[in-house]
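Asks:
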Amino acid sequence: MLSEMNYSDSSKILNVLTKEYGCIGILSKGCRNLKSKLRGASRKLLYGTFHFYYKEKGLSTLISIDVIQSYSKTLMNLKNVVYASFILDFVKQVAGQCEERALLELSVAALNKIEEGMDPVVITNSLELKFLSFLGVSPNLDCCAVCGRTDHIVSVSPTAGGLVCSSCYQQDGYYSEKAIQLLRMYYYVDIEKISKISVHSDVNQEINRFLEDYYDRYTGIYLKSKKVLQNVSLMVNENNT
Ligand SMILES: [Zn+2]
16 MLSEMNYSDS SKILNVLTKE YGCIGILSKG CRNLKSKLRG ASRKLLYGTF
66 HFYYKEKGLS TLISIDVIQS YSKTLMNLKN VVYASFILDF VKQVAGQCEE
116 RALLELSVAA LNKIEEGMDP VVITNSLELK FLSFLGVSPN LDCCAVCGRT
166 DHIVSVSPTA GGLVCSSCYQ QDGYYSEKAI QLLRMYYYVD IEKISKISVH
216 SDVNQEINRF LEDYYDRYTG IYLKSKKVLQ NVSLMVNENN T
């Protein structure tokens, strides 16, 4: 469930990404009543099997939800909550621009990894890179995006659309070897296979700089909560040290 919105005195409209119909609105009637069976499960982030009366135009009506994952560990940790919320908002925007069926599967895999305790920054960045191919704007991370050579790669450039070699490098922002390595890993490695890695915050910043610039340039998606996200995660990190 990507988002929820109160509706009338006791109901909610749920925005749900489904395997069969993409992103749809489902009315959860009376779910804000204390006695409602739908009360506990009518909340965003929840992953489950939704039973509902489908309406092609307008709102579908919820019957029940079999919960598969409620992400209870994620909800206990502020940083994870913030990142999970960002992912939901981000997925909603991407779902508005493409009808890729793997969107749901990949989003669930990412949220599951955060639930398992993986670094939410790594998981979010990986999702951001993988979704670029759904949006039809894959970066070229195999060879120089300008001339095609595979050796003497010195940086990566959102303007060029991927890696750049020493002859094509235009001084448009420098990216370290580590950042380039991680961008490739996030793009190619299955989210399920990402294990615990620790990434220095400077490198995370480089990767986010690349992603923000790339999304701005080639997609209509504005990573709006991203700045808030970075501030919160800085705050949380400071409190932990
Ligand atoms: Zn080149």
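To convert a position in the sequence shown, counted from 1, into this note's numbering, add 15.
Quick reminder that beta carbons are idealized off the backbone N, C-alpha and C, glycines included.
All of these numbers come straight from a predicted model, not from anything done at the bench.
Let me confirm a value: Ser122 is counted as buried when at least 16 other C-beta atoms fall within 10 Å, else exposed. Which label applies?
Replies: The sequence position of residue 122 within the sequence shown is 107, counting from 1. Buried, since its Cβ has 16 or more Cβ neighbours within 10 Å.
Asks: Using the DSSP secondary-structure output, state which residues sit across from Glu114 in a beta bridge.
Replies: Translated into the one-based positions of the sequence shown, residue 114 becomes position 99. Partner(s): none; Glu114 has no beta bridge.
Asks: With a Cβ-Cβ cutoff of 8 Å, do Met16 and Arg58 count as a contact?
Replies: Locating residue 16 in the sequence shown gives position 1, where the first residue counts as 1. Locating residue 58 in the sequence shown gives position 43, where the first residue counts as 1. Result yes, Cβ atoms of Met16 and Arg58 sit closer than 8 Å.
Asks: Quick check on Asp217: buried or exposed, where buried means 16 or more other Cβ atoms within 10 Å of its Cβ?
Replies: Within the sequence shown, the letter at position 202 stands for residue 217. So Asp217 ends up on the exposed side.
Asks: Got a sec, what are the start and stop residues for the alpha helix (DSSP H) Tyr68 sits in?
Replies: Translated into positions along the sequence shown, residue 68 becomes position 53. Counting along the chain, Tyr68 falls outside any alpha helix (DSSP H), though it belongs to the beta strand (DSSP E) covering 62 to 68.
Asks: Leaving out five residues on either side along the sequence, give the residues of the same chain with a beta carbon under 7 Å from the beta carbon of Thr256.
Replies: In the sequence shown, counting from the first residue as 1, residue 256 sits at position 241. Low confidence applies here, because Thr256 scores a pLDDT of 45, under 50, leaving its location unreliable; read the following figure in that light. Contacts found: none.
Asks: Please report the residue range of the beta strand (DSSP E) in which Tyr22 lies.
Replies: Position 7 of the sequence shown, counted from the start, is the residue given in the question as residue 22. Tyr22 -> beta strand (DSSP E) spans 18 to 22.
Asks: By DSSP's criteria, Cys180 is part of a beta bridge. Which residues make up the other side?
Replies: Taking the first residue of the sequence shown as 1, we reach residue 180 at position 165. Bridge partners of Cys180: Ile168.
Asks: Measuring only from the beta carbon, is Ser182 closer than 7 Å to any heavy atom that is part of ligand 1?
Replies: Here the question's residue 182 lines up with position 167 in the sequence shown. Because some heavy atom of ligand 1 lies under 7 Å away, the Cβ of Ser182 counts as near it: yes.
Asks: Can you find the residues in the same chain that come closer than 7 Å, C-beta to C-beta, to Gly176, ignoring five residues on each side of it along the sequence?
Replies: Position 161 of the sequence shown, counted from the start, is the residue given in the question as residue 176. Closer than 7 Å at Cβ, skipping near neighbours: Pro154, Asn155, Ala160.
Asks: Under the three-state reduction of DSSP, which class applies to Asn136: helix, strand or coil?
Replies: What you label residue 136 is simply residue 121 of the sequence shown in a count that begins at 1. The question names Asn, yet the displayed sequence has Val at residue 136. Here Val136 sits in helix by DSSP.
Asks: Considering Cα atoms alone, identify which of Thr174, Cys158, Gln112 is closest to Phe146.
Replies: The residue labelled residue 146 in the question sits at position 131 within the sequence shown. The residue with the shortest Cα to Cα distance from Phe146 is Gln112.
Asks: Since Ile206 and Ser141 are thought to touch, with beta carbons under 8 Å apart, how far apart are those beta carbons, to the nearest angstrom?
Replies: By 1-based counting over the sequence shown, the position of residue 206 is 191. By 1-based counting over the sequence shown, the position of residue 141 is 126. Right, the Cβ-Cβ distance comes to about 6 Å (below 8 Å), so this counts as a contact.
Asks: Hey, would you say Ser191 sits closer than 8 Å to Glu143, going by beta carbons?
Replies: Here residue 191 corresponds to residue number 176 of the sequence shown, with the count starting at 1. Here residue 143 corresponds to residue number 128 of the sequence shown, with the count starting at 1. It is not a contact, given that the beta carbons lie outside the stated cut-off.
Asks: Return the first residue and the last residue of the alpha helix (DSSP H) that Leu197 is part of.
Replies: On the sequence shown, position 182 is the one that residue 197 refers to. Counting along the chain, the alpha helix (DSSP H) containing Leu197 begins and ends at 192 to 203.
Asks: With a 10 Å radius around its C-beta and 16 neighbouring C-beta atoms as the bar for buried, classify Val106 as buried or exposed.
Replies: Along the sequence shown, one-based indexing puts residue 106 at 91. Under this definition Val106 is a buried residue.
Asks: Taking the alpha carbon of Asp228 as the reference point, which residue from Glu71, Asp187, Ser148 has its own alpha carbon closest?
Replies: Within the sequence shown, the letter at position 213 stands for residue 228. The residue with the shortest Cα to Cα distance from Asp228 is Asp187.
Asks: Using DSSP with H/G/I as helix, E/B as strand and the rest coil, what is Ser25?
Replies: Taking the first residue of the sequence shown as 1, we reach residue 25 at position 10. The answer is coil: DSSP assigns Ser25 none of H, G, I, E or B.
Asks: Just checking my contact of Leu197 with Val214 at CB under 8 Å: how many whole Å lie between their CB atoms?
Replies: Position 182 of the sequence shown, counted from the start, is the residue given in the question as residue 197. Position 199 of the sequence shown, counted from the start, is the residue given in the question as residue 214. Right, their Cβ atoms sit about 7 Å apart.
Asks: With H, G and I counted as helix, E and B as strand and the rest as coil, what does DSSP make of Val31?
Replies: Sequence index remark: in the sequence shown, residue 31 carries index 16 (1-based). Val31 falls in the strand class under three-state DSSP.
Asks: Closer than 7 Å to a non-hydrogen atom of ligand 1 - does that hold for the CB of Val164?
Replies: Sequence index remark: in the sequence shown, residue 164 carries index 149 (1-based). This sequence places Arg at residue 164; Val is not what is there. Yes, ligand 1 has a heavy atom inside 7 Å of this Cβ.
Asks: Does the pairing of the segment 160 to 174 with the segment 126 to 135 give three or more beta-carbon distances under 8 Å?
Replies: The segment 160 to 174 vs the segment 126 to 135: no contact.
Asks: If you count every other CB in all the chains shown that lies within 10 Å of the CB of Ala125, and 16 or more means buried, which is it?
Replies: The residue labelled residue 125 in the question sits at position 110 within the sequence shown. When all chains shown are included, Ala125 counts as buried.
Asks: Do Leu119 and Val109 count as a contact pair if the criterion is CB distance below 8 Å?
Replies: The count along the sequence shown starts at 1 and reaches residue 109 at position 94. The count along the sequence shown starts at 1 and reaches residue 119 at position 104. Not in contact: Val109 and Leu119 (Cβ atoms no closer than 8 Å).
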